[in-house]
Amino acid sequence: MTLADKLEREIRAENQTRFRALNLPREFIAPNYDGRSIVNVAASVVKIFGGKISTAPLDATILEKFSRDISRVVLVIIDALAYARFLRALDANPQNGFNALLRGNAQIVPLTSVFPSTTTAALTSLWTGATPAQHGSLGFTQFLRDRDARVNMIYWSPTATEHVAGAQLVAAGMKPDEFLAAPSLPQILDRVNVPVFHHIEKPFVTSALSQMQMRVEMKETRGFVSSSDMWVVLRDSLQARQEHALFTAYWSRLDAIMHDYGPASRAYDAEIHNLAYSFEREFLSRLSPRACEGTLFLLTADHGALDTPIARTIYLKDHPDLRAHILTLGGEPRAMYLYCVHRGKDAARAYIEKELGDKFFILDSRAALDAGLFGGGKPAPEARYRVGDLIVLPRENFILWERADAPTMLGRHGGLHEEEMLVPLLVARLDG
């Protein structure tokens, strides 16, 4: 049995062991926060540099043959890179540039995302080493008590006016760098004098979401335009410096392609191959031996991706007896939080279990939080107010849709389906 197979077997057992009290469907993949999830990637980076963090590092078997005499770490995050689809893309194209690493000493293993498996929660966990419960960013949309508003956390604007302008909450006086209840990775590493060189798409350099997640000025932040020049600027940064440092890069457009075309599309695979081609040509093959020395390369994702055909949409408007018990909503169609009217919680749960139980699994929000579905440790002060009264988790590839008009996205994430929860971790020593 390979290490990847062993880890996947352990991952799949988690919902029947650690989360047995929640009675999750067997097909769900629960987060493995104790060493087999993306949050542990950040914790391992901190540990490599001698820093302190309460989160467990990665399972020791994952990095044991790579971790000796590391002086620098490169961490690349590809939004919505699903584990199984990444493996299929590599198998389908032996010339895929990432195979150049795998022909050497590299390995790929599965990890879980966090819950919810969505960017505002998962990417924040990667940039903090904290679970969603700890850092407090718990969904794509969240009800914020202090603003008495339901907010799109990508745009940092109320959902009712999110398309009017971005960062409306910032304009209203809310400070992104004070939102989270956990320090950022750059802040943690600054305590041990390890600089962070950050590379991100130009529109995100000063976005409210980036300010929320990173919090402090990096040693250097460089914006890029496409996945090809991402590898160029990352290579240039690595070549120019020899000190102990963390080099990070984040690429979002695979997620955008996934939403538009679906992860089973040729467009999704094409972007993986495009990334890999530029990786080998513009990064790996052009690094000097000096730049590679003592350098650990990590590539992972914040979450996976699931095909969600429009025909699998369940409209709330078609269930007025359910809607009558709901005051407002949070989360997203693959992980929806229901805020129920007074004494409406039991009725809402009973309706879903009776009328929609073959399509959705429902959880008590407080029970899920207490059981550690959002992660262990001390929850952020506002965590329990941001997950509603009930959590609606789709089975298979259904979505729960609150609007009257039909959805347009063909791919989504957020829930506990294996395709949205399992992500790859590609590990290699660049000095081979």
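Mind the numbering: the sequence shown is residues -8 to 423 in our numbering, read in order. In this text, a Cβ means the ideal position worked out from N, Cα and C, and glycines have one as well.
Alpha helix (DSSP H) containing residue i: first to last residue?
i	result
residue 93	89 to 93
residue 222	218 to 231
residue 24	No alpha helix (DSSP H) contains residue 24, which DSSP labels as neither H nor E.
residue 311	311 to 314
residue 260	257 to 269
residue 146	Note, residue 146: premise wrong, no alpha helix (DSSP H); not H, not E.
residue 281	280 to 283
residue 81	74 to 83
residue 15	First-last for residue 15: undefined, no H or E at that position.
residue 391	Segment 390 to 392 is the beta strand (DSSP E) holding residue 391; no alpha helix (DSSP H) there.
residue 126	123 to 126
residue 34	29 to 39
residue 2	-6 to 8
residue 198	Where residue 198 is concerned, there is no enclosing alpha helix (DSSP H), given that its DSSP letter is neither H nor E.
residue 361	356 to 362
Tell me whether residue i is buried or exposed, calling it buried when 16 or more other Cβ atoms sit within 10 Å of its Cβ.
i	result
residue 412	buried
residue 260	buried
residue 7	exposed
residue 182	exposed
residue 194	exposed
residue 68	buried
residue -3	exposed
residue 290	buried
residue 72	buried
residue 65	buried
residue 168	exposed
residue 308	exposed
residue 301	exposed
residue 281	exposed
residue 0	exposed
residue 327	buried
residue 394	exposed
residue 233	exposed
residue 175	buried
Going by C-alpha distance, which of the options is nearest residue i?
i	options	result
residue 184	83, 88, 37, 386	37
residue 138	130, 149, 129	149
residue 63	305, 247, 229, 374	229
residue 264	78, 347, 314	78
residue 416	136, 288, 238	288
residue 24	322, 227, 10	10
residue 172	145, 189, 203	203
residue 47	232, 33, 283	33
residue 340	365, 361, 322, 383	383
residue 427	107, 342, 334, 189	Given a span of -8 to 423 for the chain in the structure shown, any question on residue 427 remains unanswerable.
residue 136	338, 126, 376, 380	376
residue 250	206, 332, 405	405
residue -6	54, 30, 4	54
residue 419	17, 43, 39, 99	99
residue 370	380, 381, 357	357
residue 238	331, 190, 125, 270	190
residue 116	205, 271, 3	205
residue 221	248, 210, 179, 269	269
residue 381	393, 368, 93, 321	321
residue 93	335, 275, 111, 312	275
residue 258	56, 333, 76	76
residue 40	179, 242, 363, 311	179
residue 273	110, 313, 226	226
residue 51	17, 27, 368, 414	27
residue 414	102, 398, 303	102
How far does the beta strand (DSSP E) with residue i in it reach, from first residue to last?
i	result
residue 140	140 to 143
residue 306	304 to 306
residue 181	Not the beta strand (DSSP E): residue 181 falls in the alpha helix (DSSP H), residues 176 to 181.
residue 241	236 to 242
Give the DSSP-derived three-state secondary structure of residue i in the structure shown.
i	result
residue 167	helix
residue 134	strand
residue 384	strand
residue 116	helix
residue 104	coil
residue 86	coil
residue 160	helix
residue 275	helix
residue 44	coil
residue 61	coil
residue 251	helix
residue 109	coil
Using DSSP's beta-bridge definition, name the partner residues of residue i.
i	result
residue 214	191
residue 331	317
residue 290	67, 417
residue 403	297
residue 323	326
residue 351	385
residue 204	DSSP, once it has assigned bridges, lists no residue as partnering residue 204.
residue 99	417
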